[in-house]
Each structure stands twice: as C-alpha cells, then as structure tokens.
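Protein chains: 2
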Amino acid sequence: MLKDFLYLKEKNLKDVIELLLRAYVSSFSDSEKNLKRVSLGKSHQRLIILIDNYPGIRVVEILNILRITKQSLNRVLQELIKKDLIIQKQGEKDGREKQIYLSKKGVELSNSIFNSQKIRILNAFKKSSPDEVLYFKNVLKRIIE
Amino acid sequence: MLKDFLYLKEKNLKDVIELLLRAYVSSFSDSEKNLKRVSLGKSHQRLIILIDNYPGIRVVEILNILRITKQSLNRVLQELIKKDLIIQKQGEKDGREKQIYLSKKGVELSNSIFNSQKIRILNAFKKSSPDEVLYFKNVLKRIIE
DNA sequence: AATATAAGTCAATAAAACAGACTGATTTCT
DNA sequence: AGAAATCAGTCTGTTTTATTGACTTATATT
Chain P
2 MLKDFLYLKE
12 KNLKDVIELL
22 LRAYVSSFSD
32 SEKNLKRVSL
42 GKSHQRLIIL
52 IDNYPGIRVV
62 EILNILRITK
72 QSLNRVLQEL
82 IKKDLIIQKQ
92 GEKDGREKQI
102 YLSKKGVELS
112 NSIFNSQKIR
122 ILNAFKKSSP
132 DEVLYFKNVL
142 KRIIE
Chain G
2 MLKDFLYLKE
12 KNLKDVIELL
22 LRAYVSSFSD
32 SEKNLKRVSL
42 GKSHQRLIIL
52 IDNYPGIRVV
62 EILNILRITK
72 QSLNRVLQEL
82 IKKDLIIQKQ
92 GEKDGREKQI
102 YLSKKGVELS
112 NSIFNSQKIR
122 ILNAFKKSSP
132 DEVLYFKNVL
142 KRIIE
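Chains as they are written, first to last, in the working numbering: chain P, 2 to 146; chain G, 2 to 146.
Quick look at the structure:
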C-alpha cells in the first residue's frame, strides 16, 4: 500500500530535519542562565553533557561526536579545568590516552544545567505514551548510527 | 506498576538530551561540503531550512525559533540577499512586516543541502517501522511545544 | 626501527553571536 | 487623534566559538 511509505517521502524527511533543529535549539537554550551565572557558554554545556554521560571519555571521542577541531576543543577543556569542573586521568591500558571526568563541582554544575533542560523533555514525555517515548529514543539512536 | 514510569526517570531524560545534541550535530554536518562550495556556513544553513519550510516567514518568527539577536540574524540575511538566495516582500496585511522567500537559486541550494542531509534520516527511517517514525515525530513536536 | 595514534601547543584568522543605542514605518490601543 | 507597541533595520564595538596550519611529545603498533 502506498500510504505505508509516506513516512519515507521527502516532505516528511525535510520536516524532521527542521524539527531536529528546533528541538535542539530550544532544549539547549533552557539552561542559558545557569551557564551565564558561572561565565560559561554553549560550547561548555555540550562538553559537560558528554562528560557527564560518558565518564572517562577521551578527547578523540569528543572530537568525533562534536565535530570540532582539537584546537577548539582544547580551549573549552582548558576553561573547564581552570574552573575545576573537570579532571583528567592518564589512561590505564593506553598511556597516551587521557580520560576526562567531571569533578564534584562539575557534577553540581551539570545537575543544575540538567534541571533546567529536563523540564521541557519531561513535559513532552508526560504528554506521550511509554511506547512513543521508546520509539522516539530508538529512532534518535538510529539517526546517530 | 513502577516499570511504566521508567521513561520519565532522570537517566532517561539525560540520555535523550544527549541524543538530541548528537542527532543535531551529525544531521547538520552532513551538508558541510555543499555549503563550503558557495562560501556559506551553518548559520546560513539553519536559515535556509526555515525559509524553505515556511515560505514568507517573518524576521520575528525566525528570531524566536533560532534564539539569536536581530543583529546576528541580519548579518546572515544580508549575506543571503547579496548572493541572490532569498527574496523579501512587503507584508500585505501588515505593512511593517517583510516576508522572506527563497529565490530560484535559493531553492536549488536548499535542495542540494537537503539531499546531503536526508540520507542519514532516510537510513534511520528505513530501519524503523511507520509507527516508530510517526511517534518519533510526535514527541519531537511536543519537545518544541 | 619505522609508523601511527592520542594529546597538546602556538599563532593567526574567520565565523557566529552578543550588547546597547537608535531610526523609521506602520499598526494597535484608548 | 495621539500615545504606545510592534516589526524591521542600522551602527559600532566586543565576545565567543571554531578554523587552518605547523609543530611537539609520549606511547603504542607493526
């Protein structure tokens, strides 16, 4: 049946790209005040979220996810280190690696950022069924690969 | 049953915020080459996508969606005008408004950007059921409000 | 021993966004 | 009809974020 394939149509794909943009922009604007309070910006926010979700994450991994240059990442990293928000440990297996963790202070900041951001997601989920949320997450993951 | 509410748990919300970030970053990196070819960047890409999806969109509407200042938007708009990618028309009802449209050249560029971006979404959707895609879109819309 | 990888650094530049103050045209309020 | 609000745009200067290119150091792989 033709109708079954409507979701693969160009218009639907274009809509989704726009929705992704808007969902990202709005979700990552909710915590602006929390960041300004400690003189940080969106680049730090992105980094903190990643380190929080992947404790011990390495620089190369961050570069691949955020698609920025190592020089750009390094600036942001140094600013977080200067503010005692993250800690670096030498890799155990591979001595070249450095694993990045949030400090106690970093965890606190991450939580305050998260508390601002979660409201929007929670409200959306409350209007959704468990299945909808599950499917939503599944598709998001497939977009990332 | 407790299990039914797991999807509202903090860890799940945090995961989703990170997934949104990654889905956005990867989706909007796929068209880098198309933009560089015409000396444009991500700020232009975001704008073009919006104008494509909402022909006749006004400046205030764009400001609300992209959450940037009008000075910042104006710079990007002027660059697109200089390259004959967009057209502005005086608002019919309200003479203060200016409605923004893609030019023929703008539509072509938008299509080339879209063709690069759609691959990722299409691949994800092909691995998903029509229901999953539908639910995905529904939740995305609820996040935006 | 040669090569590749992970991380970091220096310096210059470009891109994107912000802040504040201000103009002009049109519409809405009362 | 006059005051206030709204939409768009402008000027100037600054900050934030990211890029390019070249180069170093340490460790791991082949």
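The beta-carbon is built from N, C-alpha and C at its ideal position, and this holds for glycine as well. Please read all numbers here as calculations on a predicted model, not as lab measurements.
As assigned by DSSP and simplified to three states, the class of residue i
{"i": "residue 103 (chain G)", "result": "strand"}
{"i": "residue 58 (chain P)", "result": "strand"}
{"i": "residue 69 (chain G)", "result": "coil"}
{"i": "residue 90 (chain G)", "result": "strand"}
{"i": "residue 16 (chain P)", "result": "helix"}
{"i": "residue 152 (chain G)", "result": "For chain G, the structure presents residues 2 to 146; residue 152 (chain G) sits outside this window and is missing."}
{"i": "residue 129 (chain P)", "result": "coil"}
{"i": "residue 80 (chain P)", "result": "helix"}
{"i": "residue 149 (chain G)", "result": "Here chain G has residues from 2 to 146 only, and residue 149 (chain G) is not among them."}
{"i": "residue 119 (chain G)", "result": "helix"}
Residues near residue i in its chain [Cβ-Cβ closer than 8 Å; skip 5 each side]
{"i": "residue 129 (chain G)", "result": "137"}
{"i": "residue 57 (chain P)", "result": "90, 100, 101 and 102"}
{"i": "residue 77 (chain G)", "result": "44, 45 and 48"}
{"i": "residue 64 (chain G)", "result": "70, 71 and 74"}
{"i": "residue 27 (chain P)", "result": "121"}
{"i": "residue 55 (chain G)", "result": "62"}
{"i": "residue 7 (chain G)", "result": "13"}
Close-in-space but distant-in-sequence residues of the same chain around residue i (CB under 7 Å, 5 per side omitted)
{"i": "residue 92 (chain P)", "result": "98, 99 and 100"}
{"i": "residue 134 (chain P)", "result": "126"}
Near the ligand NAD: residue i beta-carbon under 7 Å from a heavy atom
{"i": "residue 92 (chain P)", "result": "Here there are no bound small molecules, and the ligand NAD is not part of this structure."}
Taking one C-beta from the region 102-110 of chain P and one from the region 70-86 of chain P each time, how about it: are there three or more such pairs within less than 8 Å? Yes, they touch.
State whether the region 39-53 of chain P contacts the region 67-82 of chain P, with contact taken as three or more CB pairs (one from each stretch) at a distance under 8 Å. Flag = yes, the region 39-53 of chain P and the region 67-82 of chain P touch.
When the Cβ atoms of the region 32-46 of chain P are set against those of the region 26-38 of chain G, are three or more pairs found closer than 8 Å? The count of Cβ pairs closer than 8 Å, one atom from the region 32-46 of chain P and one from the region 26-38 of chain G, stays below three, leaving the stretches out of contact.
Does the pairing of the region 16-31 of chain G with the region 115-129 of chain G give three or more beta-carbon distances under 8 Å? Yes, the region 16-31 of chain G is in contact with the region 115-129 of chain G.
Can you give me, in chain order, the residues of the region 96-125 of chain P that have a beta carbon less than 7 Å from any beta carbon in chain G? Using a CB distance below 7 Å, the part of the region 96-125 of chain P facing chain G consists of 115, 118, 119, 121, 122, 123 and 125, ordered along the chain.
Just list the alpha helix (DSSP H) runs in the region 19-58 of chain G, keeping only unbroken ones of 4 residues or longer that don't cross its boundaries, in chain order. Restricted to the region 19-58 of chain G, the alpha helix (DSSP H) segments that are unbroken, complete and at least 4 residues in length are 33-38 and 43-54, listed in chain order.
Along the region 21-47 of chain P, where does the CB come closer than 8 Å to a CB of chain G? Name the residues. Among the residues of the region 21-47 of chain P, those with a Cβ less than 8 Å away from any Cβ of chain G are 21, 22, 23, 24, 25, 26, 27, 28, 29, 30 and 47, in the order of the chain.
If you pair each beta-carbon of the region 94-103 of chain P with each one of the region 10-22 of chain P, do three or more pairs fall below 8 Å? Result no; under three Cβ-Cβ pairs closer than 8 Å.
Quick one, which residues of the region 53-66 of chain P are near chain G if we go by CB-CB under 8 Å, in chain order? Along the region 53-66 of chain P, going in chain order, the ones with a CB nearer than 8 Å to a CB of chain G are 53, 54 and 66.
At a Cβ cut of 7 Å, what residues of the region 80-94 of chain G count as close to chain P, listed as they run along the chain? Going along the region 80-94 of chain G in chain order, one finds no residue with a Cβ nearer than 7 Å to chain P.
If you measure beta-carbon to beta-carbon, which residues of the region 5-19 of chain G are closer than 9 Å to chain P? If the cut-off is 9 Å between Cβ atoms, the region 5-19 of chain G has 5, 6, 7, 8, 9, 11, 13, 14, 15, 16, 17, 18 and 19 near chain P.
Taking a cut of 9 Å between CB atoms, which residues from the region 125-142 of chain G lie near chain P? Listed by position, the residues of the region 125-142 of chain G near chain P (Cβ gap below 9 Å) are 125, 126, 127, 128, 129, 130, 131, 132, 133, 134, 135, 136, 137, 138, 139, 140, 141 and 142.
If the cut-off is 7 Å on Cβ atoms, which residues from the region 66-77 of chain P count as contacting chain G, listed in chain order? Hits within the stretch, in order: 66, 67 and 68.
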